[in-house]
Structure formats: C-alpha cells, structure tokens
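Notes to accompany the following structure.
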Amino acid sequence: MSHHMNSSMVPTSHPPEHHHPTTASGHGHDMMMMAMTFHFSYENVPLLFSGLTINSPGEMAGAFVAVFFLAMFYEGLKIARECLLRKSQVSIRYNSMPVPGPNGTILMETHKTVGQQMLSLPHLLQTVLHIIQVVVSYFLMLIFMTYNGYLCIAVAAGAGTGYFFFSWKKAVVVDITEHCH
C-alpha cells in the first residue's frame, strides 16, 4: 500500500513518527485525508484540479494574484447582477391596504411591487450569471479549504477589495414605511 504525502496533507513541523495518516479504501483506491490546519507552504499545494499543483514561490505568487482577482470578480458579479435586475424590472404595481393608526384611525399604506417576466432575455441573462456566480463561489470555497494561508489571504483580500470597489455603486433604498429595520 502506497502512502504519498505532500506538505498540504500533513503538517511538516512534527517528526515522521507522529504522522498517522488516515486512509480510506474505496473502489480499490487509497485516499488520504488532508490536514485541517492552516499552513504557509508553497510546495505540492493542489489548486482545484489534480494537474494544477503549486511547487514554487513564483507559482504561489501567480496563484495568489489569480485567486485575488477571482474573488474580486465574484464580488463584482454580485453587484452587476443586482444592477441588471433593477434595470430589467418591468411591471410595477402599487397596492394599498388599510392599517390601524393612532387613536383608532385607519391609515392607507402603499406598497410597490416590481416584477420580471420569466421568458425574457434579462431573466435568461440573470440565470446564466447566477450559474457563473455559484461556480465561482464554490471554487473560492474549495481554494479556501486547502487551508493554505497564502491562498486564504488571497480569497479574503480579493473579496474585500472587490466589495470596496464595486459595492459603492449599490443603491441603498430605505422604505420609510418598512417597520422592520
């Protein structure tokens, strides 16, 4: 039985006799559980796909930049979808309903309902962008789950930078009739 380990699978600070890899046999393959501790290694770091392994400081720097921009893209995509949704809302309906007021009076409260057509180009575009957003979010999650400190910092810093650059465009609408603030 072969036990191939890389630095992202077990901590390197302990002597070899303290390594007790957990293996599981399934369908004739031996699998090793990854270490669940953060590490700052740049050798033998798998990145999303089996053939994509970081093995040098330069490759880690390149991966850091790519992951940073992927996280920025994710934040920008979220805001872009919100903007597109606001632009594509077509049917506006106002609903009024009576609500009890002070001293037994009745007040009329008006709510604006905005809709979108299901079989429309904007909704199809929103659907495609949603699929891309979900895939990118899972990629970022899996990158973070490598527990590589450099890559985790790239995810967090890229998401923060993306939010900083893109969220200011996000329109904040405050409904004064909303009772749950």
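Under my numbering, the first residue of the sequence shown carries the number 57, and numbering increases by one thereafter.
Note that the Cβ used here is the ideal one computed from N, Cα and C, for glycine as well.
Among residues of its own chain, excluding the 5 on either side of residue i, which ones have a beta-carbon nearer than 7 Å to its beta-carbon?
i	result
G82	The predicted position of G82 is uncertain, since its pLDDT is 48 and thus under 50; a value taken from the coordinates is nonetheless stated next. If we look at G82 and ignore the five residues flanking it on each side, it has no Cβ neighbours.
L141	Q182
N111	E99, N100
A119	L103, I110, L207
Are the beta-carbon atoms of residue i and residue j separated by less than 8 Å?
i	j	result
Y219	E138	no
M128	G214	yes
F222	I162	no
V121	T202	no
Return the chain-ordered list of same chain residues with a C-beta closer than 8 Å to the C-beta of residue i, the five sequence neighbours on each side being excluded.
i	result
E234	Caution applies to E234, whose pLDDT of 49 falls short of 50 and renders its modelled position unreliable; the model cannot decide the point.
P154	I162, L163, M164, E165
For residue i and residue j, what's the separation of their Cα atoms in angstroms?
i	j	result
P156	E165	10 Å
M92	I199	13 Å
F195	W224	25 Å
L133	S144	16 Å
H179	Q189	15 Å
C208	G160	58 Å
T109	S97	12 Å
L185	P113	34 Å
G216	S176	33 Å
H76	F124	Bear in mind that the predicted position of H76 carries a pLDDT of just 39, short of 50, making it too unreliable to give a figure here.
L126	M197	12 Å
G107	I187	25 Å
Mark residue i as exposed unless 16 or more other C-beta atoms lie within 10 angstroms of its C-beta, in which case mark it buried.
i	result
F94	exposed
L103	buried
V211	buried
M42	Here the chain covers residues 57 to 237 and nothing more, so residue 42 does not appear.
M174	exposed
Taking 6 Å as the limit between beta carbons, can you name the residues of its chain near residue i, skipping five residues before and five after?
i	result
V192	Y130
P158	none
I want to check one thing, is the minimum distance from the CB of residue i to the heavy atoms of the ligand SAM below 7 Å?
i	result
G157	This structure does not include the ligand SAM; it has no bound ligands of any sort.
> Which whole runs of the beta strand (DSSP E) in the segment 115 to 196 are 3 residues long or more, in chain order?
Replying inline: The segment 115 to 196 contains these whole beta strand (DSSP E) runs: 147 to 156, 162 to 171.
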